[in-house]
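Student:
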Amino acid sequence: MAMAAKPQVKLPPDVNRILFVKNLNYKIRGEDLYDLFGKYGAIRQIRLGNEAKTRGTAFVVYEDVMDAKNAFDHLNGFHLQERYLVVLYHQPAKQALKVANAAELAKREEDLKALKKKHNIGDD
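In this text, residue positions in the sequence shown follow my numbering: the first is 452, and each later residue adds one.
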């Protein structure tokens, strides 16, 4: 008896196992997220933002990409604790590009500052 193979589904290139969740209530707990997102499949990890800049956000990592897609499809816009969730796929390439652009901007600002000092130009 051969095992039934899962049907092959062509997923968009941005789909992956890691979901980025925004617009969370600041009082939400990890257990609340495990209860909600766990309905869609096995979760490997949930990371809640705890810094001033990351509060209200979380990363949810699923064991299987199809579970992540299912959660994305059902929970984006879901009303939880007086907020509507914004669920996105984590995109590390875009994140790295933002960091690189920020570093380039900081370098250019330093260069500009040095040129202004060299030519005695004020910041009026």
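Idealized CB from N, CA, C, for every residue including glycine. Nothing here was measured: the structure is a model prediction, and the numbers come from that model.
Measuring alpha carbon to alpha carbon, tell me which residue in Asn467, Ile479, Lys461, Arg559 is nearest alanine 509.
Tutor: Counting from one through the sequence shown, the residue named residue 509 turns up at place 58. Distances from the CA of alanine 509 to each of Asn467, Ile479, Lys461, Arg559 were compared; the closest alpha carbon is that of Ile479.
Student: To which residues does DSSP link phenylalanine 471 through a beta bridge?
Tutor: Here residue 471 is taken as the residue at index 20 of the sequence shown, counted from 1. In the DSSP output, where bridge partners are listed per residue, phenylalanine 471 has Phe510, Leu539.
Student: Straight-line CA distance for asparagine 474 to tyrosine 535?
Tutor: Locating residue 474 in the sequence shown gives position 23, counting from the first residue. Locating residue 535 in the sequence shown gives position 84, counting from the first residue. The alpha-carbon atoms of asparagine 474 and tyrosine 535 are separated by roughly 7 Å.
Student: Look at the alpha carbon of methionine 452 and the alpha carbon of valine 538, and state the distance between them as a whole number of angstroms.
Tutor: By 1-based counting over the sequence shown, the position of residue 452 is 1. By 1-based counting over the sequence shown, the position of residue 538 is 87. Low local confidence applies: a pLDDT of 49 at methionine 452 is under 50, so the model's placement there is unreliable, with the coordinate-based value given in what follows. So the alpha carbons of these two residues sit roughly 41 Å apart.
Student: Please state whether DSSP places methionine 452 in a helix, a strand or coil.
Tutor: Here residue 452 refers to the residue found at position 1 of the sequence shown. With a pLDDT of 49 at methionine 452, under the threshold of 50, the predicted position of this residue should be treated as unreliable, and no value is reported.
Student: What's the C-alpha gap between aspartate 518 and alanine 503?
Tutor: Against the sequence shown, residue 518 aligns to sequence position 67. Against the sequence shown, residue 503 aligns to sequence position 52. Whole-angstrom Cα-Cα distance: 30 Å.
Student: One question on the structure: do asparagine 571 and valine 516 come within less than 8 Å of each other, judged by their Cβ atoms?
Tutor: Within the sequence shown, numbered from 1, the residue matching residue 571 stands at position 120. Within the sequence shown, numbered from 1, the residue matching residue 516 stands at position 65. Going by C-beta atoms, asparagine 571 is not nearer than 8 Å to valine 516.
Student: Is it true that the CB of glycine 528 sits closer than 8 Å to the CB of leucine 412?
Tutor: A question about residue 412 goes unanswered here, because the residues of the chain that appear run from 452 up to 575.
Student: Can you list, in chain order, the residues of its chain with a C-beta nearer than 7 Å to that of histidine 541? Leave out the 5 residues immediately preceding and following it.
Tutor: Your numbering for residue 541 matches position 90 in the sequence shown. Asn467, Ile469, Leu470, Phe471, Phe510.
Student: Determine the DSSP secondary structure at arginine 495, reduced to helix, strand or coil.
Tutor: On the sequence shown, position 44 is the one that residue 495 refers to. Arginine 495: strand per DSSP, three-state reduction.
Student: Just the C-alpha distance for phenylalanine 523 and tyrosine 513, rounded to the nearest angstrom, thanks.
Tutor: Counted from its first residue, the sequence shown places residue 523 at position 72. Counted from its first residue, the sequence shown places residue 513 at position 62. Straight-line Cα distance between these residues: approximately 11 Å.
Student: For the alpha helix (DSSP H) containing histidine 570, list its first residue and its last residue.
Tutor: Here residue 570 is taken as the residue at index 119 of the sequence shown, counted from 1. For histidine 570, no alpha helix (DSSP H) run applies, since DSSP gives it neither H nor E.
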